[in-house]
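Each residue of the sequence shown is one higher than the one before, counting from 1 in the UniProt record's numbering. Report on one structure; see the data block that follows.
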Amino acid sequence: MLNMKSIWNIEFKKLLHRKDVWIMLSMCAIPALYSVGVFFNSSVIVFNGTEKEYAFSFFVNMFHFVSMIFIYFFIMSLIATRTLGGEIENKSILLYTQRINSRRKIYMAKVWALYSVVGVISIVFFIVSMLMFYIFAIHRDDLISSEFFRSQELLGLLLWFISMVLIYLFTISFSTMLSVFLKTNTAVIIFSIVFIAFNFISKFPIIKYLSFAYYNERFSNIDLSDNAKTLTLFLANLLIIFIYSFFINYIGIKKFERRDL
Numbered sequence: 001m002l003n004m005k006s007i008w009n010i011e012f013k014k015l016l017h018r019k020d021v022w023i024m025l026s027m028c029a030i031p032a033l034y035s036v037g038v039f040f041n042s043s044v045i046v047f048n049g050t051e052k053e054y055a056f057s058f059f060v061n062m063f064h065f066v067s068m069i070f071i072y073f074f075i076m077s078l079i080a081t082r083t084l085g086g087e088i089e090n091k092s093i094l095l096y097t098q099r100i101n102s103r104r105k106i107y108m109a110k111v112w113a114l115y116s117v118v119g120v121i122s123i124v125f126f127i128v129s130m131l132m133f134y135i136f137a138i139h140r141d142d143l144i145s146s147e148f149f150r151s152q153e154l155l156g157l158l159l160w161f162i163s164m165v166l167i168y169l170f171t172i173s174f175s176t177m178l179s180v181f182l183k184t185n186t187a188v189i190i191f192s193i194v195f196i197a198f199n200f201i202s203k204f205p206i207i208k209y210l211s212f213a214y215y216n217e218r219f220s221n222i223d224l225s226d227n228a229k230t231l232t233l234f235l236a237n238l239l240i241i242f243i244y245s246f247f248i249n250y251i252g253i254k255k256f257e258r259r260d261l
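Here is the structure:
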């Protein structure tokens, strides 16, 4: 009999071999191109900061740039819906259900495998950002500092980065849940509409606090050295996404347990 850890291991390895997961790594081109552009003083690269950029702030700012590009959330949604919904459609999910009697474990193992892939992508993005920063951008000492981090901004930058990662985790939870109810393509379309709606409501009073997009935007505009403010912002964002993800995963599991396969 398979346990949850075994399923996670199988799913994680399967995901690492999928082309759409590798496409996600194309986001690494952004810090690479930016670093090369800074090195060659390209007119395409515009630097608006009042202080010199340093390594860790460069990484987080590049990740923020990526988070403003919807296509990567779209691809992650597609990956998530195919991971469970695709197997339901082609009946390959029966290979699991015949060997493990807990559909809840199957569901959560797939979700956690997807979460783990986000972790791997984030680590690769960090490594590429650091390499490109220290190989190319570092030579522009008029714009770039050789510092790796600044203690006064470290917590704020770290919390901002985690907040952006949480949006990818929400994308996975929501898309996986939708894939149990709908066909893969329909699920991705519904996710896209809801995601855009979250960005839209982030501009309105009161209801903006229900949108993760609001917190991500606030991080880009506050003093990151103000630890009290950044921690409050992070905890509010964490609470919102935790509540959404908890109920979304609960609904997805209940539907998956009752669904005819």
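In this text, a Cβ means the ideal position worked out from N, Cα and C, and glycines have one as well. A quick note: this is a predicted structure, and the numbers were derived from the prediction, not measured.
Straight-line gap, R103 to F12 (C-alpha atoms, nearest Å): 18 Å
Could you tell me the alpha carbon to alpha carbon distance between Y209 and S202, rounded to whole angstroms? Spanning the alpha carbons of Y209 and S202 requires a straight line of approximately 7 Å.
Determine the direct distance from the alpha carbon of F234 to that of V188, and round the result to whole angstroms. 27 Å
If you compare alpha carbons, which of V38, A32, D20 and G85 is closest to T176? G85
Distance, Cα to Cα, T171 vs A197? Taking C-alpha positions only, T171 is separated from A197 by approximately 14 Å.
Measure the alpha-carbon distance for D141 versus A113 and round it to whole angstroms. 41 Å
Would you mind working out which of N101, M108 and I127 sits nearest M62, comparing C-alpha positions? The residue among N101, M108 and I127 with its C-alpha nearest the C-alpha of M62 is I127.
Taking the continuous alpha helix (DSSP H) assigned at A55, which residues delimit it? A55 to S67
Which same chain residues end up closer than 8 Å to F218 when comparing Cβ atoms and leaving out the 5 residues on each side of it in sequence? Inspection of the sequence shows that residue 218 is occupied by Arg rather than by Phe. Answer for R218: L233, listed in chain order.
So which of T230, N185, F212 and K105 has the shortest CA-CA distance to S6? K105
Cβ neighbour criterion (16 or more within 10 Å) applied to K110: With at least 16 other beta carbons inside 10 angstroms of its own, K110 counts as buried.
Nearest-angstrom Cα distance between I253 and Y107? 6 Å
Reduced DSSP secondary structure (H/G/I, E/B, other) of I144: strand
Three-state secondary structure (DSSP) of E87: Looking at E87 - three-state DSSP - the assignment turns out to be helix.
Outcome for N221 when other beta-carbon atoms lying within 10 angstroms are tallied against a minimum of 16: exposed
Beta carbon of E87, beta carbon of T184: below 8 Å? no
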